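Accompanying notes for the structure given below.
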Amino acid sequence: MAQRNIKHAASDRCTLCNEIEDAPHLLIQCVHKLDVWDSFFKEFLSYPKSADPQQIYSSIMRFKLNQYYLYHHDLHITIYDFFATIMRTIWRHHYRQFYDLIPFDAIQACRHIRTELLRLSSLRSLSH
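Numbering (my numbering), first residue to last: 5 to 132.
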């Protein structure tokens, strides 16, 4: 990022909580990102209802998401769509602070995720 003249992105510390920022922290473990996961677990999953950051990371790394159950049967998405949409949106909103100077906002990220999940569900329902 320093090559792209984004000097404030050179730190290995999270800009939100000042913890060391590795991939698990960036996508899941930062309390601000975990709030996003927890919100969607409560809204869309029948099990588990709360987000455990270590379990989420382990499940993603092993690509084993069969212990997670979507609650909304009217949604035409898979659990893989659910996880991928959350991760992609968190990643995008995280890096907006460096490229667009827009700070990470969990509420905005949640709105975007919800919109994307509903859009994906609509697209899938048209194909059935």
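The beta carbon of each residue, even a glycine, is placed where N, CA and C say it ideally should be. Being a predicted model, the structure only gives us computed values, none of them experimental.
Residue burial annotation: L121 is buried, with at least 16 other C-beta atoms found within 10 angstroms of its C-beta.
When rounded, the separation of the alpha-carbon atoms in H97 and F87 is 15 Å. Scanning S62, I94, K53 for the CA closest to the CA of Y75 turns up K53.
The way I'd put it, the segment 61 to 69 doesn't touch the segment 103 to 121; fewer than three beta-carbon pairs between them come closer than 8 Å. In chain order, L38, W41, D42, F45 place their CB closer than 7 Å to the CB of A55, counting only its own chain and leaving out the 5 sequence neighbours on each side.
Taking 4 residues as the shortest admissible run, the segment 29 to 72 contains the following complete alpha helix (DSSP H) segments, listed from N- to C-terminal end: 35 to 48, 57 to 66. I117 places its beta carbon less than 7 Å from that of I90. Taking the C-beta atoms as reference points, S50 is found no nearer than 7 Å to L79.
Cβ atoms of L31 and I94 come within 8 Å of each other, at about 6 Å.
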